[in-house]
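Quick mapping for you: the protein sequence lines, in order, are chains W, D and U.
Sequential numbering from 464 applies to the first sequence in this note's numbering.
Sequential numbering from 12 applies to the second sequence in this note's numbering.
Sequential numbering from 4 applies to the third sequence in this note's numbering.
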Amino acid sequence: MMSFSYTLAESYGFSLWERLLFAALIAISIALFWRRFAVVLLKILHSRKDADFRLSPIGRRVWDFFWEVLCQSKVIRQRPLPGLAHALVFWGFCAFALVTANHCAVGLGVGFLNPGSAMGMFYFDFAAVFALACAIGITGLFYRRFLVQPRWLGRELSWESGLIAFLIFALMVTYLAMFFVATGSAAAHALWWAHSLTLLVFLPIIPRTKHMHLVLSPATVFLSRGGFSRIPALVGDEDFGLVAGADVTRLASLQAYTCVECGRCTEHCPAANTGKLLDPKEIILGLRGYLNEYGPASHEPLLGKYNQQEAAFQCTTCGACEFQCPVGIEHLPIIVGLRRGVVNTGAWEDDHGAKLFLALERGSNALGISTHDRDKFIQKQALPVFDGSQEYCLWLGCMGGYDPKGREIVSDFARVMNYLGTSFGVLRKEKCTGDPVRRLGNDLLFQQLAETNLEALSQSGVTKIVSICPHCVRTIQEDWKEFGTPPAIEHHSEFLARHADRLPQQKTDKKIVYHDPCYLGRYRDIYDAPRTVTSKAGQLVEAPRSRERSFCCGAGGGLAFLGEESGERVSHVRAAELTGTGADTIGTACPFCNSMFRDALASAGGRAPELLDIAQLTARGLGPADSN
Amino acid sequence: MSGIWVVLEERDGRMGRISWEAVAAARQLGEQTGAPVSAIVIGAETQAAADEASARVTGRVVRLQHSLLFPYTADGFTSALEQFFRAEQPAYAVFPHTYQVRDYAPALAARLGQVLIGDVTGITEGPEFTRQLMQGRLNGTFRHTGEGTCFLSVQSGAFRADTAGNGNAEVSLFAPVLEAAQIRTRPGECFRASAQTVDLGSAQIIVSVGRGIQEAENLPIVEQLAQALGAELAASRPICDSGWLPMERQVGSSGQTVSPRLYVAIGISGAIQHLVGMKGSQCVVAINKDPDAPIFEIADYGIVGDLFEVVPALTAAVNAIKQ
Amino acid sequence: MKIIVAIKQVPERDAQVRINSTGGWIEEADLQWALNESDAYALEEALQLKEKHSGEVVVLSAGPGRVGSTIREALAKGADRAIHVECNDLERHDVVGIARLLAAAVGPEKPDLVLTGLQSDDFGHGQTGVVLAELLGLPHASLILHVEKTDTGLLVKRELEEGWFQEVALPIPAVLTIQSGGSKLRYATLMGIKRAKTKEVRRITASELSVAPGQVVILDKLSLPHKQKSTQILAGDAKEAASALVEKLRFEVRVL
């Protein structure tokens, strides 16, 4: 191939004025970088402190950093091909760091990597392999951006993306070309300068473009709140959520400046996919725009010029955006934070929203139905009332207690529990867990509901809860923690899966497509348990988008109660996708999904698949209802 | 201190049924106390009303007449009746529990040092008066103590108008002293809410149709029933989604919330999204072929059957009684 | 404009009310309480008037200590201050007795407008506002859905029966009883609750107002109504069921 002729460690080729010029250029480049970077850094540091921020457990942070940043796991797993291209560029940069440092040192006459040494010889070759990979990667990304043009990246092609791609490519090429020119030759000299200039132009561009993520995203991933959709507690008497710039915390600011505009959030967002105003990427960029114009101390409302109230209230909190984000942005605390800002101050005016809030201020459930109705159902189904002697408290939730379809699910699940000989009872004083109001940002109501329920549970001596509703499960287990210690809770899919070996295997070749509810999958990381249960009742098939990438039914985030949506209905899109699998049955594990699909299938007309909860699927295996 | 006086209420130039129901209640009181029932007609022109009343009561009929007594004002009615009752000192003053009575009778009673027992649904020995409390969840028995007239108003439908009886009472005139300055409120014309937009929220009767109707072409049978009942037509979401009826006729969580006196749900199974929109209805009738449909859970009356047979039969039955 | 809103705390709509051991009143222990519904609309109307014309909204409520939570709720929704008439035996007062208590508290305030709900969801007399006007010597209008301030006083929209309405003009000061549903209620907010902490609640006792319980009309005893709501399925063929239903609608529901 070529004789090893890497000469840059030898300083004789540089005149004094060249060294001075190079030093000056470095100074200018760093100054230009710093001029913008310092502005951003100060905006982040001048944002409000995150009151609940704890560095511990540090192990989790180190692992996230290793897995998500160094291994690029999320980048690759969720978009394999472009993800790999990106990883090649990233790893190329990592390997190149030492080379670049040496390159600059050489220019100043203090090179430290000796190509003659074994270490130097190894490292330059090692870096060359990565440089090659990086060049291929960036070419691939360039091709995708400018020729494939996925719509998630935004319609407008920015010159900066092209320029950056060119610079990265040039950096790699000028490095690799060194291997082909003679030591000390004029060509080598020219290449050195070309490489240097590329580097010096590249540096100031970073903080001025989305390439800021090169610097910030490792910190963002490392410092993230962790958990999923973790909504921070409000602090003190003047904290009402994200009202104005002064309420934006450091983590939120950091995340806003980290966004790399890859559009993965948009690609998976049910709202953005059905013609609504909301685009999670724009929420983050809107926050950045706000911080750029008004700064973190401003009292200008956050919802206005840069972010629209309408968009904030179109979020189903399905969490696909937060799950997908490769740079550690936590969209949900921000979107819910914006809602809190307008709801906690009374600025949000919405007929349906007010109706929901008033129903829960005055009554016990989100549907605004009389509790007597629930009592009647409990009586009719002869559901035992929890008296402290039973193992489980069966939490009905609003859907299980009041929705006719939800009641069928509860009745069937109760049948299965009886079949398994598990004792359970229902709570008379159960109220809504506060899930919809929590997601809609009504902290007053949420606190009242959480506290009342916690008290009722502790009075009744409940230690274990099982529920058919993933929203209840999530809210009780995670969100209530702010106000007390909730009993252990699990979703009925977990319960059923644990007892799967005692449940009959139904002999049928019927195909069942299982739909992952957002609050069970992404929120709770339960994917296999409901599949185990479903497999007992038929032949499990998968929807095109399933597990972590499951597409929302449209009900979450309180949206089930907010009336008609604009654009296409999320539930219709998902129901059509599920129907399209050709399955005989759609299996659900959430009464909200169930209720959304029920409507969607009905208005789709034609031959609709049967719609059953996993508890109903299981109960079918037990034979006719009156036999046990 | 004697006599039972009923204050009759005229509407559109005629006595409303509820006035005769008040007379029936008074008659029941009269049976306990042995006193005859007399009636008061009140207004600017009372001759026709007095003639109508005279045929129904056994005591006397008094025309409380003054030009300032039309249109109705609380100040005018309170003052006129105060003058009459101060002169007459009746044992009982009975009113129909109408919106108008609710507007002045409490003040009238208070002015005479009394307390109105309102919205009475039953009269028992004593006499004791039954009325509902806690929005109908409890009944309370009330008793008038001390001296003076006992004021009560009776709930619409609680007594049967046809038991008011007949009579041929003597009619006399009582001219109260009223001055324009006494009347502090100025009532305007009465009007109905504009009929141009669909206002399900204030509809008294709603006929609502769901998926059971199967095809848009079948809608006329439901429309005919709505027409017969004088009802607004509404629908569940799938019907409006399909464009068979306009969106503003949708009842439910994403549509309108209604609370009519009568809600007829036809071919509606009763999904929760629908139930939350109509659960405030006073009376729910469900027609569905599925006996397990959840709508029957909340219905007052149910017909399990094929709506294509039941609805036309119902339309015919309604039309029959209107003739 | 200075507006007083008289509000009442009543058992929550869903609450299981039980008759107490003497049979004369309900068992109050373990009961959940809420702001009376039409009073919530009266408060809303007052707050909207204040937002339009500026002024002050004072809430007034009579009852025992527990009423404090409902008063706080009203303050949280935007009322400026409150008067709590402490009275532990409100159920022993007849309508005029309660109105006397309220009138004694309202009098010295000299408000431009007194608003109250059309009727309470517990006793359901629907008279307190009208009697209050009589005791204060003020003009009144009842069943009001909408209030507008004019140069000479007020123009109000009054609900009549069977879908009819009427506009009534009246001078101020005046008393209005507000019908539910005329406006859209606002929801309680965290900010409101925090702001309410610093608002004034003046407490006066019934004896300080020297009002004795009115006892012209006495509630003797409470009982459970006979009929429990359950679905009546009308049997027979289409024709029979239809005519059975028409009978029911005519004579039981009385809508035909």
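C-beta: ideal position from N, C-alpha, C; glycine also.
Because the structure is a prediction, the values reported are computed rather than measured.
Considering only beta carbons, the part of the region 188-219 of chain U lying closer than 7 Å to chain W consists of Leu188, Arg189, Tyr190, Ala191, Thr192, Leu193, Met194, Gly195, Ile196, Lys197, in chain order. Neighbours of histidine 143 of chain U in chain D, taken as residues at a C-beta separation under 7 Å, are given in chain order as Ala85. Its chain contains Leu741, Gln777 as the residues whose beta carbon lies nearer than 6 Å to that of alanine 734 of chain W, once the 5 sequence neighbours on both sides are disregarded; these appear in chain order. Between arginine 713 of chain W and chain U, the shortest Cβ-Cβ separation is not below 8 Å. Excluding residues up to 5 positions away in sequence, Leu123, Gly124, Gln125 lie with their Cβ nearer than 7 Å to the Cβ of glycine 159 of chain D in the same chain. Taking the beta carbon of alanine 1065 of chain W as reference, the chain D residues within 8 Å of it are Arg222, Pro249, listed in sequence order. Fewer than three Cβ pairs drawn from the region 798-816 of chain W and the region 161-170 of chain U lie within less than 8 Å of each other, which leaves the two stretches out of contact.
With three or more CB-CB distances shorter than 8 Å, the region 131-138 of chain U counts as touching the region 106-118 of chain D. Taking all protein chains in view, the Cβ of methionine 641 of chain W is crowded by 16 or more other Cβ atoms within 10 Å, so the residue is classified as buried. Under the Cβ distance rule, valine 70 of chain U does not count among the residues neighbouring chain D, no pair being separated by less than 8 Å.
In the DSSP assignment, glutamine 43 of chain D is bridged to no other residue. A residue is called buried once 16 or more other Cβ atoms fall within 10 Å of its Cβ, and tryptophan 530 of chain W, having fewer, is exposed. The Cβ-Cβ distance between isoleucine 952 of chain W and isoleucine 939 of chain W falls below 8 Å. Among the residues of the region 266-288 of chain D, those with a Cβ less than 9 Å away from any Cβ of chain W are Gly266, Thr268, Ser280, Gly281, Ala282, Ile283, Gln284, Leu286, Val287, in the order of the chain. The C-beta of tryptophan 622 of chain W has fewer than 16 other C-beta atoms within 10 Å across all chains shown, which makes the residue exposed. Under the criterion of beta carbons closer than 8 Å, serine 164 of chain D and leucine 127 of chain D qualify as touching, at roughly 6 Å. Annotation: Cβ neighbours of leucine 830 of chain W in chain D (cutoff 7 Å, chain order): Ile283, Val287. Within chain D, the residues placing a beta-carbon under 7 Å from that of lysine 251 of chain U are Tyr312, ordered along the chain. Just so you know, the alpha carbons of arginine 22 of chain D and glycine 1017 of chain W end up roughly 52 Å apart.
Secondary structure of arginine 28 of chain D (DSSP, three-state): helix. Aspartate 17 of chain U is outside the set of residues whose beta carbon lies under 8 Å from a beta carbon in chain D. C-alpha of leucine 149 of chain D to C-alpha of arginine 961 of chain W: approximately 49 Å in a straight line.
For serine 78 of chain D, no Cβ of chain W is located within less than 8 Å of the residue's own Cβ. Under the Cβ criterion (8 Å, minimum of three pairs), the region 179-198 of chain U counts as touching the region 815-825 of chain W. At a C-beta separation below 8 Å, alanine 245 of chain U has these neighbours in chain D: Ile314, Val321, Ala324, Leu325, Ala327, Ala328.
Shown here, tyrosine 982 of chain W sits in coil according to DSSP, grouped into three states, outside any helix or strand. For isoleucine 746 of chain W, no pairing in a beta bridge is given by DSSP. Rounded to the nearest angstrom, the gap between the Cα atoms of valine 13 of chain U and serine 123 of chain U is 7 Å. Secondary structure in the region 592-650 of chain W: no beta strand (DSSP E) run of 3 residues or longer lies completely within the stretch. Contact annotation for asparagine 229 of chain D against chain U: no contact, minimum CB-CB distance about 16 Å [criterion: below 9 Å]. Cβ neighbours of threonine 896 of chain W within its own chain (closer than 6 Å, five residues either side excluded): Cys935, Thr938, Ile939.
Within chain U, the residues Leu193 have their CB atoms less than 8 Å from the CB of aspartate 906 of chain W, given in chain order.
Residue range 676-686 is occupied by the alpha helix (DSSP H) that includes valine 678 of chain W.
For chain W, the residues of the region 15-42 of chain U that bring a beta carbon within less than 7 Å of one of its beta carbons are Glu15, Arg16, Asp17, Ala37, in chain order. In chain order, Pro670, Arg671 place their CB closer than 6 Å to the CB of arginine 499 of chain W, counting only its own chain and leaving out the 5 sequence neighbours on each side. In this structure, the beta-carbon distance from glutamate 234 of chain D to leucine 244 of chain D falls below 8 Å.
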